[in-house]
Amino acid sequence: MKEDRLLNLKSKLSTFDAEFTEVNGSPAVYIDKSRIIEACRVLKEDESLKFVSLVDSVSVDRFTKKDRYEMIYNLVSIEFNERIFVKIRLDSQKPEMESLCSVWESANWYEREAYDMIGINFINHPDLRRMYMPEYFEYHPLRKDFPLMGIPDSLPLPNK
Amino acid sequence: MDIQDKVAKSKYSKILQTLESENLSVTFDDALDNEMILNMGPQHPATHGVLRLLVSLDGETVLNCVPELGYLHRGYEKLAEACTYHEFIPHTDRLDYLSPMANNVGYALAVEKLIHLEIPERGKYIRVIIAELARIQSHLLAIGALVMDIGAVTPFLWAIREREKILDIYDIICGARFTNTYTRIGGVAQDLTDEAINGIRKFIDEFIANLDDMRKLVERNKIFIIRCEGIGYLSKEKCIELGLTGPLIRACGIERDLRKAEPYLVYDKLDFDIPVYTDSDCLARYYVRIDELVESVKIIRQCLDKIPAGPYNALETKKVLPKKDRIYTKMEELIHDFMLINFGVNPPVGESYSAIEASKGELGFYIISDGSGYPFRLKIRSPSFCNLQALAPMMKNCMISDTVVIIGSVDPVMGEADK
């Protein structure tokens, strides 16, 4: 992203107490989860930003004491051909955040995947079900404390 | 009289009581009033894999559709955390198994971005050639299967015949037809031989004529046009809102292609166009794919003309696997090989995202490294998964027979969608 465009982005997000980093060339910005919806609306609707497309989200289990979980949203501005990563730190004990489905519709499945794999709870999500695993599965496989081989008897085999 | 007495005295009391005890609630007031839930898949030939759709129907009209995923979930993101960066390359073949070469390229590029490794020109050209062959391979099956779902078997066989030639070329290039595992971190497994180059040249010389033969069968066919035109329409705004990529977004009038938008490899030195259509229906998506085939041939031809001689692997002995013959004869290479296989490439601590334009859309890898030889987290942005989200809005208020056409036009590969 060019210098002046980055300054513009910083000024637009100045009220949100955003913390700027970088993921190979594209800006990455930490935003507090309490004001995430407002910030995302600015990113999407501002005439000089227009991050209209949410192409991916990454859920991370950092396995640290504080702020163990993290959500990374991968936004694309088609008009300006720019990419930005919005990062949200989540609580270790009770990872939950407001769902972004009200801003970008595509967040629906991405957040379901994050809920399934890492166990992040999304508030006001229209359809928070597991994406891949069966509904009665109790664990979240991509958490770092979930063993690679799985947990025996966590998935019942069908009867003969 | 009480209803239970009625049941007890009835001729069919036994049946009625069983029904009652199992609590099967069925209403029979008017059969035509009732909504029907149809379970389509996971074992259905038109779902292109193990996609399961729950479709609620009013007569023949689809009221709503809920896709269910996870029947091919193998947990590749979890497996990746237990593999070194080299070890994960064969797993990428199994993501989009219709174009394994493109996945290899995407993954290798992502890791190279993480370890800041630049590969030589020849390696880049080889990668462009195989990625475009993978696009042809994948689109041929997408088109063939779409047309076959509508009822025309001949174009499918013709498409498969062409695809088979590409698989034969892969056999010459890397020794495997289907799961190639051709790229390595820092280059490719082996050089493109003259035999392979001649094979590719022969293939692309004949391909356009063969494609035109197939198009003649399909494009003027009234049944094909009626079944595709206006079916599966999705507005431009909705396409953006759903984060679609690949042929789906180019069929709705948005010129977005990562080969132009965020050029990787040598795409900025090549001359090609991005086909864009504005109708945003199944027919437009078909035409986008056909035009991309022609563009891919154009790209491959330019690459074959421009491909320079020289090394095809980066000369970074601590990151790139050495050649087998040198491992067996030289001490230094043996040590490097041992270290790379056992401990991995050890990228610096950090995060990196790299995406390529695969045949279905943006195929990205978000890698978080903690400095060890294993990725701390590897997230696969698979285009099929994201594109499948558009299935429900596309299917609303269409006919049940159109569902197969819509699935065919979205072209999902479940290996990739389920990861």
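Those sequence lines, one after another, are chains S and C. Count along the first sequence from 1, add 235, and you get the number used in my numbering. Count along the second sequence from 1, add 215, and you get the number used in my numbering. All C-beta atoms in this analysis are idealised placements derived from N, C-alpha and C, irrespective of residue type, glycine included.
Would you kindly work out how many angstroms separate the C-alpha atoms of residue 378(S) and residue 357(S), rounded to a whole number? Stepping through the first sequence from its first residue, residue 378(S) is reached at position 143. Stepping through the first sequence from its first residue, residue 357(S) is reached at position 122. Rounded to whole angstroms, residue 378(S) to residue 357(S) spans 17 angstroms at the Cα level.
Taking C-alpha atoms, which residue in 314(C), 319(C), 462(C) lies nearest to residue 303(C)? Reading the second sequence from its first residue, position 88 is the one you call residue 303(C). Per the Cα distances, 319(C).
DSSP on residue 336(C), reduced to helix/strand/coil? Residue 336(C) sits at position 121 when you count from the first residue of the second sequence. Note: residue 336(C) maps to helix in three-state DSSP.
With 16 other CB atoms within 10 Å as the buried threshold, where does residue 368(C) fall? Working through the second sequence from its first residue, we reach residue 368(C) at position 153. Result: exposed.
State the beta-bridge partners of residue 280(C) as determined by DSSP. Position 65 of the second sequence holds residue 280(C). Residue 280(C) pairs with 270(C).
Counterpart residues of residue 291(S) in DSSP-defined beta bridges: For the purposes of this step, residue 291(S) is identified with residue 56 of the first sequence, where counting begins at 1. Paired residues: 309(S).
Just the Cα atoms here: how many angstroms apart are residue 615(C) and residue 378(C)? Walking along the second sequence from the start, residue 615(C) turns up at place 400. Walking along the second sequence from the start, residue 378(C) turns up at place 163. Taking the straight line from one Cα to the other gives about 30 angstroms.
Classification of residue 404(C) by the beta-carbon crowding that lies within 10 angstroms, buried from 16 upward: As a position in the second sequence, residue 404(C) is number 189, starting the count at 1. Classification of residue 404(C): buried, given that the 10 Å Cβ count is 16 or more.
Cross-chain neighbours of residue 366(S) in chain C, by beta carbon under 8 angstroms: Counting from 1 along the first sequence, the entry for residue 366(S) is found at position 131. By Cβ distance, chain C contributes 284, 285.
Step through the CB atoms of chain S and report whether any lies within less than 8 angstroms of the CB of residue 455(C). Looking up residue 455(C) in the second sequence gives position 240. It does; some Cβ of chain S falls within 8 angstroms.
Contacts that residue 583(C) makes with chain S (C-beta to C-beta distance below 7 angstroms): On the second sequence, position 368 is the one that residue 583(C) refers to. Within chain S, 295 have C-beta atoms less than 7 angstroms from the C-beta of residue 583(C), given in sequence order.
Local Cβ density within 10 Å of residue 242(S), reported as buried at 16 or more and exposed below that: If you number the first sequence from 1, residue 242(S) lands on position 7. So residue 242(S) counts as exposed.
Can you pull out the residues from the segment 321–353 of chain S whose beta carbon lies closer than 9 angstroms to at least one beta carbon of chain C? 339, 340, 341, 342, 343, 344, 345, 348, 351, 352
By the criterion of Cβ-Cβ separation under 8 angstroms, what are the contact partners of residue 292(C) in chain S? In the second sequence, counting from the first residue as 1, residue 292(C) sits at position 77. Near residue 292(C) (Cβ distances below 8 angstroms), the residues of chain S are 352, 377.
For residue 460(C), collect the residues of the same chain with a Cβ closer than 6 angstroms to its Cβ; drop the 5 residues on either side in sequence, then sort them by chain order. Here residue 460(C) refers to the residue found at position 245 of the second sequence. For residue 460(C), where only same-chain residues beyond five positions count, the Cβ hits under 6 angstroms are 576, 577, 598.
Does the distance from the CB of residue 624(C) to the CB of residue 500(C) come in under 8 angstroms? Residue numbering aside, residue 624(C) sits at position 409 when the second sequence is read from its first letter. Residue numbering aside, residue 500(C) sits at position 285 when the second sequence is read from its first letter. Yes, the Cβ-Cβ distance between residue 624(C) and residue 500(C) is below 8 angstroms.
For residue 567(C), would you say it is in contact with chain S, using Cβ-to-Cβ distances shorter than 8 angstroms as the test? Mapped onto the second sequence, residue 567(C) falls at position 352. Yes, contact with chain S.
Just checking: is the beta-carbon of residue 277(S) within a distance shorter than 8 angstroms of some beta-carbon in chain C? By one-based count along the first sequence, residue 277(S) stands at place 42. No, residue 277(S) lies away from the interface with chain C (no Cβ there is under 8 angstroms from its Cβ).
Give me whichever residues DSSP pairs with residue 304(S) in a beta bridge. Looking up residue 304(S) in the first sequence gives position 69. In the DSSP output, where bridge partners are listed per residue, residue 304(S) has 296(S), 325(S).
Determine the DSSP secondary structure at residue 337(S), reduced to helix, strand or coil. Counting from one through the first sequence, the residue named residue 337(S) turns up at place 102. Correct three-state label for residue 337(S): helix.
Just verifying my parser: in three-state terms, what is the DSSP assignment at residue 569(C)? By one-based count along the second sequence, residue 569(C) stands at place 354. Three-state DSSP puts residue 569(C) in a strand.
Quick one: what's got a C-beta closer than 8 angstroms to residue 353(S)'s C-beta in the same chain, skipping five residues either side? Here residue 353(S) refers to the residue found at position 118 of the first sequence. Around residue 353(S): 294, 295, 296, 304, 330, 375, 377, 378.
For residue 278(S), which residues in the same chain have their Cβ closer than 6 angstroms to its Cβ, ignoring the five residues on either side in sequence? Taking the first sequence and counting its residues from 1, one reaches residue 278(S) at position 43. Taken in chain order, the residues that qualify are 284, 286.
Contact with chain C by residue 288(S), beta-carbon distance below 8 angstroms: Taking the first residue of the first sequence as 1, we reach residue 288(S) at position 53. At least one chain C Cβ lies under 8 angstroms of residue 288(S).
Opposite residue 576(C) in the DSSP bridges: which residues? The count along the second sequence starts at 1 and reaches residue 576(C) at position 361. The bridge partners DSSP lists for residue 576(C) are 573(C).
Three or more C-beta pairs below 8 angstroms linking the segment 430–442 of chain C and the segment 324–331 of chain C: no
Does the CB of residue 258(S) have a neighbour CB from chain C at under 8 angstroms? Taking the first residue of the first sequence as position 1, residue 258(S) is located at position 23. It does: the Cβ of residue 258(S) has a partner Cβ on chain C nearer than 8 angstroms.
Going by alpha carbons, who is nearest to residue 640(C) out of 622(C), 512(C), 429(C)? There is simply no residue 640(C) to check, as chain C begins at 216 and stops at 634 in what is shown.
Using a beta-carbon distance below 8 angstroms, is residue 476(C) in contact with chain S? Working through the second sequence from its first residue, we reach residue 476(C) at position 261. So, interface residue.
Among the residues of its own chain, which have a CB less than 8 angstroms from the CB of residue 288(C), if the five just before and after it don't count? What you label residue 288(C) is simply residue 73 of the second sequence in a count that begins at 1. So the list reads 633, 634, once near-sequence residues are dropped.
CB residue 517(C) to CB residue 341(S), shorter than 8 angstroms? Reading the second sequence from its first residue, position 302 is the one you call residue 517(C). Reading the first sequence from its first residue, position 106 is the one you call residue 341(S). Their beta carbons are not under 8 angstroms apart, which means residue 517(C) does not touch residue 341(S) by this criterion.
Show which residues of chain C have a CB atom less than 8 angstroms away from the CB atom of residue 243(S). In the first sequence, the residue the question calls residue 243(S) occupies position 8. Those within 8 angstroms of residue 243(S) in chain C number zero; the least Cβ separation is about 20 angstroms.
So, under 8 angstroms CB-CB, residue 574(C) and residue 325(C) are touching, yes? Tell me the CB distance rounded to an integer number of Å. Residue numbering aside, residue 574(C) sits at position 359 when the second sequence is read from its first letter. Residue numbering aside, residue 325(C) sits at position 110 when the second sequence is read from its first letter. Contact between residue 574(C) and residue 325(C) fails: their C-beta atoms lie close to 17 angstroms from each other, not under 8 angstroms.
Residue 581(C) and residue 559(C): beta carbons closer than 8 angstroms? Residue mapping note: residue 581(C) aligns to position 366 of the second sequence, counting from 1. Residue mapping note: residue 559(C) aligns to position 344 of the second sequence, counting from 1. Residue 581(C) places its beta carbon 8 angstroms or farther from that of residue 559(C).
Relative to the C-alpha of residue 482(C), which residue among 627(C), 347(C), 410(C), 356(C) is closest? In the second sequence, the residue the question calls residue 482(C) occupies position 267. Nearest of 627(C), 347(C), 410(C), 356(C) to residue 482(C), Cα basis: 347(C).
Quick one: using the 10 Å Cβ neighbour count with 16 as the cut-off for buried, is residue 546(C) buried or exposed? Numbered from 1 along the second sequence, position 331 holds the residue referred to as residue 546(C). Exposed, by the Cβ-count rule.
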